[in-house]
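**Student:**
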Amino acid sequence: MDRSSSISSARTRLVSHASGGALAAALLLVAAAAQAQEAPPQANAPTANPTAEATVDQPAPPADPTPDANANPDPTATDAGADEIVVTGIRASLAKSAEIKRNSTIIVDSVSAEDIGKLPDVSVADSLARLPGVTAQRVEGRDQSLSIRGLGPDFSTTLLNGREQVTTGDNRGVEFDQYPSEFFSNVNVYKSADASLIAAGVSGTVDLRMLRPLDQKERLFVVSARGQMNGIGKRNPDGQRYGYRATATFVDKFAGDTLGISIGLAAQESPTNYDKYEAWGYPGLNDRNVNCDAAGNPCLLGGAKPYVQSNLLKRYGGVGTIEWQPSDSFHSTFDALYTHFEETQHLRGIEFPLGYNVAPNPGSVTVQDGYVQTATFSPQYTVQRNDLNERRADMYSFGWNNDLKLSDSVHLNVDASWSHANRQDELIETYSGTGYGGTGQRDTITITRQNTGIYSIVPTLDYTNTDVIRITDPGGWGYNGTNAVVQAGFQNRPKFSDDLKSLRASLAGDFADLGVIRGWEVGANYSQREKKAQYTSYFYCPSGMGTGCTVASGTTQSIAVPSDVVLDPVSLGFIGVPNILALDSRGVLDLLTPVFDNRPESLAKVWGVKEKVATGYAKLVFDGTAGGKAMKGSLGVQVVHTDQSSDGRIAGLNAGAVTLSEVSGGAKYTNVLPSATLSVELIPSGFVKVGASQTMVRPRLDQERISQNVAITPGNVGRGSDPLNSPFSSDGGNFQLRPYKSTNIDMSFEKYFPGGGYVALTGYYKRLTDYVDPNNNVLYDFSPLLSSLTPEQQAIVRAQNAQNGLFKLPANSGRGEILGAEATLSLPLRMLTRSLDGFGLFGSGSYTSSAVRYDSAPADTQTVPGLSKWVLNGTAYFEKWGFQARTTYRYRSSFLAEVRGLSATPELNTAKAEGILDAQIGYEFQSGPLQGLAILAQAKNLTDQEFYQYTNGDPRQVRRYQRYGTDYYVGLTYRF
């Protein structure tokens, strides 16, 4: 069968099967969604909105809350009473970050570039994870997902030069490896709010700042190249162990230093290889139909999926800045950024059904402390997997800022920006085994529990023998919603686009004779953001007989493995499995026939969300002396009006036919967000800073979608009136969701030392309201859908009053509190003795406690995703005479981690505590023919820290295990 005609005919059948009555009934669900959101008053309370644009680089009033570190030299670079000290590298980076922190009226922590085009670590996320209260979760072996003060990436916002950005991810959370770290001069993490910081998140705001050419003293041209090696080795024959990274930066000024340009280019190919293991679950040994109880029903491994994975990330990008300041009265800056991102993932492994398939052989089981230690299973079928994931993304960002001085005391700032991202994924799965649906030769498998909690799995079959292994659906798992299909392969093609336009204008000025009330600022911002998602998927079955891949039509159930798709075998030795067959995933897919996946749950994954946000703000600026103490701060308010809408689909099955309805809906609301900041110099170079504010952050975009999947399960007819057993249910988003809101109190004491360095102690409290319960269910009368059942089934449902089922949709029905403290010490050891000049320490620690409760279960305390109670970071360094060396250790206690599960669905499980050690050493030639050349060697994850997740609150029930090994880097930088 021709592939394109097969897909086209499937789409035609889908449209022709749509039932008008069922579609009308489905439309009622949209109204129910609105009613469900509006029913409890607390679920629809006014809330705040962070999709507006943020503060931009501009000539600041006296108490600017976001000082520009590039504009002024570091005041801590000279020791009191000593000769001038010229600091470079990490010491200059720490000094610049300390200056930003000291001069800010709001609580902020920063990472600054050690030199042009060089943040201190391998990536932006690596650098930020060294800051107090900031942690990074490793995803695919790379630090990507940031948590600030115990709240995950859904609770913060990320800005580029003060402007909110689109993302290439599924939702709002920024994937930081999309941004080359070489493009930024410093990155600020604002932990308290100011009225002019429009896009402040609940947990904090990350602001990526690009270099400003007019701030540079001279022309700069810097090139660098770095090689990478995975210490763990190549895990797949089509994987890669070695990578590279190359960058170039040019900065110059013209026209009497009134016109400046900077250009940056970056290219990267970065491989990752790792071992991964996933447990299906832990049923009871004595009753495998229920979860285990270690006390009375010992825990048995229900199934496992060991894999080896090889990723290759390719990223190419460029930035450019044009800065023009022809006079003191006018300043214009134009920024542009583009990145192209490609990632290829090869995954190979075997799925072992184990306890969920058959009971262990009699006499083979040993039990210790409620857990099965050893067991043998036979006869056992397995599913061999050869998968391929590909992702391509492009992101564009443009911003133009103009500042005009209208008089000696008033200036006007106008900023316009646009950012856009497109992403296309292709997720390919191929399956092989000894025969369709458990037929064919069976295996005998022995499992043994290891000290780490994972199991070794030792089979007896040769999984590289193509005389035994065939391309098929070994588990008989294929199902198209109405009929069994021979699923020898599956393809999912999610596609995302994200577009954000913004226009901001502000007026700021000074008061002449109002004492400490020094200035004022008023402004307005309008932004429009639209994110769209579209999922298209296909079943693949062996070519030959049958139609629609269905078993009933006589579809061919298996085909032999041709030699031209066979690669060198791969080893799952880390789990005890010898070599397995490695196939070219795309080559296998080309042997199969595609059939469009028209299951309702697949068709409902098409949606769009649009947010139009108008923000006005005003604030008073304080700067002066009160009670003999220097003080500065601000008092302000934001008024945010939001018009949000969503369009999508409601999909279901009616009498075996797919029903599909295009729907749309929206909501409008206004929020008022007050804020106040105060910084007082109580003792020389000793500051007390206080912040009080109300902030907010919008829910995940997929939670705001209108799309719904309506399920009709005839098998539940006759199971009584419990809504959990109703034949009817629905699952989807809520287009009327309001943002999370937080009332915040922040206090910090900061003491800066005359010889450089500082100590800071910070405490914070957040009262969370309108917290989104993602698993909220409401009771709904599905009577309009009774016609989809037979007359006999309808009678039973009515008699049992079972037409009332559960409608699952997120709602603002949660509330909670977060309380925490942070401590930071930056200590150049020269302060203690001159003999330690060049040595230094930087360390931080934080403790966070949280309690979140939902109205549906007020007695239960929920864990906030991304929160580690304890976070510790420490860096020891030496830098002098061109030499530099440092080592960094970061620790975080256990936390709730989000990882993609089945069908790329986000899944939350507890991750074990982890500690990661990184180190680097380098030398820069100070004179002679090699002056300007620097060499560097780095090692990441020297502790070879694995990633573990566990379920049911029991660390012995390991859900996931991943081992990435150590990465090594060697690089050269030359400054012309």
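Read left to right, the sequence shown gives residues 51 to 1026 (our numbering).
We treat Cβ as the ideally placed atom computed from N, Cα and C, and that holds for glycine.
1. What span of residues does the beta strand (DSSP E) with Ile630 cover, start to end?
2. Three-state secondary structure (DSSP) at Lys146?
3. Where does Ser943 fall in DSSP's three states?
4. Buried or exposed for Ala119, please, with buried defined as at least 16 other CB atoms from any protein chain shown within 10 angstroms of its CB.
5. Rounded to the nearest angstrom, how far is the Cβ of Ser235 from that of Ser162, given a contact under 8 Å?
6. Answer yes or no: do Val572 and Ala562 have a C-beta to C-beta separation smaller than 9 Å?
7. From the DSSP output, which residues share a beta bridge with Met279?
8. Quickly, what does DSSP pair Trp657 with across the bridge? List them, please.
9. In chain order, what residues of the same chain lie with their CB nearer than 8 Å to the CB of Gln278, ignoring the 5 residues before and after it?
10. Using the Cα positions of Leu351 and Pro509, report the straight-line distance between them to the nearest angstrom.
11. Would you mind stating whether Glu393 and Asn361 have Cβ atoms separated by less than 9 Å?
12. To the nearest angstrom, report how far apart Phe391 and Gly219 are at their CA atoms.
13. Please list, in chain order, all residues of the same chain as Ser379 whose beta carbon is under 8 Å from its beta carbon, the five residues on each side excluded.
14. Quick check on the DSSP output: what are the complete beta strand (DSSP E) runs of length 3 or more inside the segment 471-551, in order along the chain?
15. Over the uninterrupted alpha helix (DSSP H) stretch that includes Ile846, give me the two end residues.
16. Nearest by alpha-carbon distance to Ile762: which of Ile756, Glu754, Phe778 is it?
17. According to the Cβ coordinates, are Thr898 and Gly183 closer than 9 Å?
18. Can you give me the C-alpha to C-alpha distance between Ala845 and Gly768, rounded to a whole angstrom?
19. Check the C-beta distance from Arg880 over to Gly805 and give it rounded, since I have them as a contact under 8 Å.
20. Leaving aside the five residues before and after Ser27 along the sequence, list all residues of the same chain whose C-beta is less than 7 Å from its C-beta, in chain order.
21. Run through DSSP, which three-state label would Ala345 get?
22. Assuming the contact rule is C-beta atoms closer than 8 Å, Ser757 and Asn826 should be a hit. Round their C-beta distance to whole Å, please.
23. Please list, in chain order, all residues of the same chain as Lys15 whose beta carbon is under 7 Å from its beta carbon, the five residues on each side excluded.
24. Using a threshold of 9 Å, state whether the C-beta atoms of Pro410 and Ile507 are closer than that.
25. In the DSSP assignment, find the unbroken alpha helix (DSSP H) run with Leu247 in it and report its ends.
26. Shortest alpha-carbon distance to Glu722 belongs to which of Ser743, Asp549, Asp265, Tyr332?
27. Please report the residue range of the alpha helix (DSSP H) in which Val174 lies.
28. Measuring straight from C-alpha to C-alpha, what distance separates Ser837 and Leu258?
29. So, Ser776 versus Ala852, is the Cβ gap smaller than 9 Å?
30. Would you tell me roughly how many angstroms separate the C-alpha atoms of Gln970 and Arg492, rounded to the nearest one?
31. If we count the other Cβ atoms within 10 Å of its Cβ and call it buried at 16 or more, is Tyr529 buried or exposed?
32. What's the call for Thr993, buried or exposed, on a 16-neighbour Cβ count within 10 Å?
33. If we count the other Cβ atoms within 10 Å of its Cβ and call it buried at 16 or more, is Lys679 buried or exposed?
34. For Asn463, count neighbouring C-beta atoms within 10 Å of its own C-beta (all shown protein chains included) and say buried if the count is 16 or more, exposed if not.
35. For Val358, which option in Ile156, Phe646, Pro619, Val914 has the closest C-alpha, if you only look at C-alpha atoms?
36. Just checking, does the segment 223-243 make contact with the segment 139-159 on the three C-beta pairs under 8 Å criterion?
**Tutor:** By the coordinates alone:
1. Sequence index remark: in the sequence shown, residue 630 carries index 580 (1-based). 627-633 is the extent of the beta strand (DSSP E) around Ile630.
2. As a position in the sequence shown, residue 146 is number 96, starting the count at 1. Three-state DSSP puts Lys146 in a helix.
3. As a first step, residue 943 must be located in the sequence shown, where it is residue number 893. Ser943: coil per DSSP, three-state reduction.
4. On the sequence shown, residue 119 is found 69 positions in, with the first residue counted as 1. Confidence in Ala119 is poor, its pLDDT being 41 and thus under 50, which makes the residue's placement too unreliable to answer from.
5. Here the question's residue 235 lines up with position 185 in the sequence shown. Here the question's residue 162 lines up with position 112 in the sequence shown. With 8 Å as the limit, Ser235 and Ser162 qualify as a contact, their Cβ atoms being about 7 Å apart.
6. Here the question's residue 572 lines up with position 522 in the sequence shown. Here the question's residue 562 lines up with position 512 in the sequence shown. For Val572 and Ala562, no; Cβs fall outside 9 Å.
7. Numbered from 1 along the sequence shown, position 229 holds the residue referred to as residue 279. Per DSSP, Tyr292, Tyr1018.
8. Translated into the one-based positions of the sequence shown, residue 657 becomes position 607. Paired residue(s): Ala583, Gly698.
9. Mapped onto the sequence shown, residue 278 falls at position 228. Cβ neighbours of Gln278 beyond the five flanking positions: Tyr292, Gly293, Tyr294, Arg295, Ser320, Pro321, Asp1017, Tyr1018, Tyr1019.
10. Counted from its first residue, the sequence shown places residue 351 at position 301. Counted from its first residue, the sequence shown places residue 509 at position 459. Cα-Cα distance, rounded: 15 Å.
11. The residue labelled residue 393 in the question sits at position 343 within the sequence shown. The residue labelled residue 361 in the question sits at position 311 within the sequence shown. Yes, they are a contact pair.
12. One-based indexing of the sequence shown puts residue 391 at position 341. One-based indexing of the sequence shown puts residue 219 at position 169. Going from the Cα of Phe391 to the Cα of Gly219 covers about 12 Å.
13. Within the sequence shown, residue 379 is the residue found at index 329, counting from 1. Excluding sequence neighbours, Ser379 sits near Leu454, Lys455.
14. 493-499, 505-508, 520-522, 539-542
15. Walking along the sequence shown from the start, residue 846 turns up at place 796. First-last of the alpha helix (DSSP H) with Ile846: 841-850.
16. Against the sequence shown, residue 762 aligns to sequence position 712. Ranking the options by Cα distance to Ile762, first place goes to Phe778.
17. Here residue 898 corresponds to residue number 848 of the sequence shown, with the count starting at 1. Here residue 183 corresponds to residue number 133 of the sequence shown, with the count starting at 1. Yes, these two residues count as a Cβ contact at 9 Å.
18. Against the sequence shown, residue 845 aligns to sequence position 795. Against the sequence shown, residue 768 aligns to sequence position 718. If I take the Cα positions, the gap works out to 10 Å.
19. As a working note, residue 880 is residue 830 in the sequence shown. As a working note, residue 805 is residue 755 in the sequence shown. Indeed, because the Cβ distance is near 6 Å, the residues count as touching under 8 Å.
20. Beyond the ends of the chain as shown, which are 51 and 1026, falls residue 27; an answer cannot be given.
21. Walking along the sequence shown from the start, residue 345 turns up at place 295. Coil, per DSSP.
22. For the purposes of this step, residue 757 is identified with residue 707 of the sequence shown, where counting begins at 1. For the purposes of this step, residue 826 is identified with residue 776 of the sequence shown, where counting begins at 1. About 16 Å; that fails the 8 Å criterion.
23. Past the edges of the chain, shown from 51 to 1026, lies residue 15, and the structure says nothing about it.
24. By one-based count along the sequence shown, residue 410 stands at place 360. By one-based count along the sequence shown, residue 507 stands at place 457. Not in contact: Pro410 and Ile507 (Cβ atoms no closer than 9 Å).
25. Taking the first residue of the sequence shown as 1, we reach residue 247 at position 197. Segment: none, Leu247 is in no alpha helix (DSSP H) and carries neither H nor E.
26. Looking up residue 722 in the sequence shown gives position 672. Before going further, note that residue 722 is Val rather than Glu in the sequence given. Considering only alpha carbons, the answer is Ser743.
27. As a working note, residue 174 is residue 124 in the sequence shown. Note, Val174: alpha helix (DSSP H), 174-178.
28. In the sequence shown, counting from the first residue as 1, residue 837 sits at position 787. In the sequence shown, counting from the first residue as 1, residue 258 sits at position 208. Distance between the alpha carbons of Ser837 and Leu258 is about 56 Å.
29. Start at 1 with the first residue of the sequence shown, and residue 776 comes out as number 726. Start at 1 with the first residue of the sequence shown, and residue 852 comes out as number 802. Yes, the Cβ-Cβ distance between Ser776 and Ala852 is below 9 Å.
30. If you number the sequence shown from 1, residue 970 lands on position 920. If you number the sequence shown from 1, residue 492 lands on position 442. Their Cα atoms are separated by approximately 51 Å.
31. If you number the sequence shown from 1, residue 529 lands on position 479. Exposed, by the Cβ-count rule.
32. Stepping through the sequence shown from its first residue, residue 993 is reached at position 943. Result: exposed.
33. Position 629 of the sequence shown, counted from the start, is the residue given in the question as residue 679. Per the 10 Å Cβ criterion, exposed.
34. What you label residue 463 is simply residue 413 of the sequence shown in a count that begins at 1. Label assigned to Asn463: buried.
35. For the purposes of this step, residue 358 is taken as residue 308 along the sequence shown, with counting starting at 1. Checking every option, the nearest Cα to that of Val358 belongs to Pro619.
36. yes
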